[in-house]
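First the structure, in the form of structure tokens, and then the observations on it.
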Amino acid sequence: MDEQVLTAGKQVLTTLEGAGYTAYFVGGYVRDTILGRTVHDLDVATSAHPEDVIRLFARTVPTGMQHGTVTVLIHGVPIEVTTYRTESSYADHRRPDRVAFVDRIEEDLARRDFTVNAMALGLRGEVIDPFGGQEDLKRGLIRAVGRPQERFAEDALRMLRCIRFASQLRFDIDEQTFNAVRAQADTLGHVAVERISAEWNKALAAPGAVDAVQAVRTTGLFAHMPGVAGLLADQPDEWNLQAITRLSGLAERWAYLFLLGEKTDRVSSVLRALRCEKKLIQACGSTVRIVQALRVRPDTREINRLLVENGLAAVERAAMVQDVLAGQSGTAEALRRRHEQLPVQALTELAVSGADLQQELARRGGPWIRETLMALAEEVNAGQRPNERAVLLIRAKEIADR
Numbered sequence: 007m008d009e010q011v012l013t014a015g016k017q018v019l020t021t022l023e024g025a026g027y028t029a030y031f032v033g034g035y036v037r038d039t040i041l042g043r044t045v046h047d048l049d050v051a052t053s054a055h056p057e058d059v060i061r062l063f064a065r066t067v068p069t070g071m072q073h074g075t076v077t078v079l080i081h082g083v084p085i086e087v088t089t090y091r092t093e094s095s096y097a098d099h100r101r102p103d104r105v106a107f108v109d110r111i112e113e114d115l116a117r118r119d120f121t122v123n124a125m126a127l128g129l130r131g132e133v134i135d136p137f138g139g140q141e142d143l144k145r146g147l148i149r150a151v152g153r154p155q156e157r158f159a160e161d162a163l164r165m166l167r168c169i170r171f172a173s174q175l176r177f178d179i180d181e182q183t184f185n186a187v188r189a190q191a192d193t194l195g196h197v198a199v200e201r202i203s204a205e206w207n208k209a210l211a212a213p214g215a216v217d218a219v220q221a222v223r224t225t226g227l228f229a230h231m232p233g234v235a236g237l238l239a240d241q242p243d244e245w246n247l248q249a250i251t252r253l254s255g256l257a258e259r260w261a262y263l264f265l266l267g268e269k270t271d272r273v274s275s276v277l278r279a280l281r282c283e284k285k286l287i288q289a290c291g292s293t294v295r296i297v298q299a300l301r302v303r304p305d306t307r308e309i310n311r312l313l314v315e316n317g318l319a320a321v322e323r324a325a326m327v328q329d330v331l332a333g334q335s336g337t338a339e340a341l342r343r344r345h346e347q348l349p350v351q352a353l354t355e356l357a358v359s360g361a362d363l364q365q366e367l368a369r370r371g372g373p374w375i376r377e378t379l380m381a382l383a384e385e386v387n388a389g390q391r392p393n394e395r396a397v398l399l400i401r402a403k404e405i406a407d408r
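Just remember that this note's numbering sits 6 ahead of the position in the sequence shown, which is counted from 1.
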């Protein structure tokens, strides 16, 4: 974690304690600190009420007063400070209908999702751990705080978060907790698609992705994940899911699932249904398309076109996926060497541009420009003509007149 953020967090704790309140670091910061993992978030819980926090610090932002949350700015560093609270009645399986401020950190920790997230760390290193979170970290176990049925009724997304944490940490899921997920899987339908997408993509990108895929199938959660249901519904037992761990990128892992399940025509519909980012949809679609092109054993000219049209990075991603699917290796390296030998590695390296073509041929813009530039690049890379402006303009006119 950025030392500046940690220093700001400690200053917040010091100020709150100096004013007579109790305050602790909570949540993922405590868990990851104990595990020795890289820490990304820093949250503070305190006995001070929101108005007290605002009074104590010079710069604050009332980010969630109704839930007791105030963002404190220390030298420009934002630290989220939340009053100890209890929550009750979750009509929508997400937000509490009632929030009550309390005085003890233990009461606040009791409302949290899993034991490994229900710990607090004090300024002097003392750990408040009323539910055995440290022991579960040692055991490598994700276990709900209290009765899992109640925790999942409070926020149905916690069922998917359970699988996500297990995937990221390579932990097992407590049996009672897992059974509760299976029993209440249908309530995931109450959760916003965007929240489901964020959790699932984190799980799929994590080291335990194979177990995550199996877990959403075994529990039935997948049936309530837009788009994913159709992708995983008829997954055969012989699927080689284990190989997915050889792929590091999220787009490649998605592409692997589509190709493995022969659902390549559903890339856009599935990822759009899951409200994934446009960048991910495009990267996955591109990867699938290039893999399909590589599968038909393209000749040298076709490979050159793939490299110029898509760029080395995209083709390498697809080559990795193809190698994993075929149980082989070396394709990406071979394509990298091929790319290095190309006289023109991108259309921008041609001696003529789209603007040159429009001016010389006196034509309006349109798809013909890229098509002509690609044809010129292919011929230069095939050694049919030099990459010289005058030569390429003459050839462009010939292509346009065909």
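Backbone N, C-alpha and C define an ideal beta-carbon position, used for all residues, glycine too. Everything numeric in this text was worked out from a predicted model, so none of it was measured.
List, from N- to C-terminal side, the alpha helix (DSSP H) runs of 4 residues or more that fit wholly inside the stretch 20 to 91.
34 to 41, 56 to 62
inquiry  = Does residue 46 pass the burial test, meaning 16 or more other C-beta atoms within 10 Å, or should it be called exposed?
reply    = exposed
Exercise. Among the residues of its own chain, which have a CB less than 6 Å from the CB of residue 218, if the five just before and after it don't count?
Worked result: 169, 173, 209
Please report how far the alpha carbon of residue 134 lies from the alpha carbon of residue 19, in whole angstroms. About 15 Å.
| task | Rank 311, 340, 315 by C-alpha distance to the C-alpha of residue 325 and give the top, closest one. | result | Comparing Cα-Cα distances from residue 325 to each of 311, 340, 315, the minimum goes to 340.
Original post:
Excluding sequence positions up to five away, which residues of its chain have a Cβ less than 7 Å from the Cβ of residue 139?
Top reply: 121, 122, 124, 125
*For the beta strand (DSSP E) holding residue 177, just list the boundary residues, first then last.*
Counting along the chain, residue 177 falls outside any beta strand (DSSP E), and DSSP gives it neither H nor E.
Check your understanding: Alpha carbon to alpha carbon, what distance is there between residue 204 and residue 367?
Key -> 49 Å
Checklist line | Residue range of the beta strand (DSSP E) that includes residue 199 | finding: Taken as a continuous stretch (DSSP letters only), residue 199 belongs to no beta strand (DSSP E), being part of the alpha helix (DSSP H) at 199 to 211.
Report task. Let me know the alpha helix (DSSP H) ranges lying completely inside the stretch 248 to 322, each 4 residues or longer, listed in chain order. Result -> Within the stretch 248 to 322, the complete alpha helix (DSSP H) segments at least 4 residues long are 256 to 266, 273 to 279, 284 to 301, 306 to 316, listed from N- to C-terminus.
**Prompt:** Taking one C-beta from the stretch 222 to 230 and one from the stretch 297 to 304 each time, how about it: are there three or more such pairs within less than 8 Å?
**Reply:** No: the two stretches stay apart, fewer than three of their Cβ pairs being nearer than 8 Å.
**Asked** Going along the chain, which residues of its own chain have a beta-carbon closer than 8 Å to the beta-carbon of residue 23, five neighbours each way excluded?
**Response** 29, 129
- Item | CA-to-CA distance, residue 255 to residue 320, given in whole angstroms | Approximately 12 Å between the Cα atoms of the pair.
- Near residue 316, which residues of its chain fall below 7 Å by C-beta distance, leaving aside the five closest residues on each side in sequence? Cβ neighbours of residue 316 beyond the five flanking positions: 292, 296.
* Should residue 183 go down as buried or exposed, given a rule of 16 or more other Cβ atoms within 10 Å for buried? -> buried
- Task: Would you list the residues sitting across from residue 133 in a DSSP beta bridge?
- Result: 127
Original post:
Whose C-alpha, out of 43, 91, 71, 41, is nearest the C-alpha of residue 51?
Top reply: 91
- Query: Which first and last residues belong to the alpha helix (DSSP H) in which residue 106 is found?
  - Reply: Residue 106 -> not in any alpha helix (DSSP H); beta strand (DSSP E) instead, spanning 104 to 107.
>> Considering Cα atoms alone, identify which of 311, 206, 378 is closest to residue 348.
In response: 311
Legend entry - Straight-line gap, residue 278 to residue 261 (C-alpha atoms, nearest Å): 14 Å
- prompt: Among residues of its own chain, excluding the 5 on either side of residue 263, which ones have a beta-carbon nearer than 7 Å to its beta-carbon?
  reply: 237
Residue range of the unbroken alpha helix (DSSP H) whose run includes residue 380: 373 to 387
- [ ] Would you mind working out which of 405, 141, 249, 364 sits nearest residue 6, comparing C-alpha positions?
- [x] The displayed coordinates of the chain run from 7 to 408. Any statement about residue 6 would go beyond what the structure contains.
Pick helix, strand or coil for residue 173, following the three-state DSSP scheme. helix
Figure out for me which residue from 235, 230, 248 has the closest Cα to the Cα of residue 215. Distance check between residue 215 and each of 235, 230, 248 places 248 closest, using alpha-carbon atoms only.
Worksheet entry | residue 13 versus 48, 27, 375, residue with shortest Cα-Cα distance | Ranking the options by Cα distance to residue 13, first place goes to 48.
According to DSSP, is residue 348 helix, strand or coil?
Of the three classes helix, strand and coil, the one that applies to residue 348 here is coil, per DSSP.
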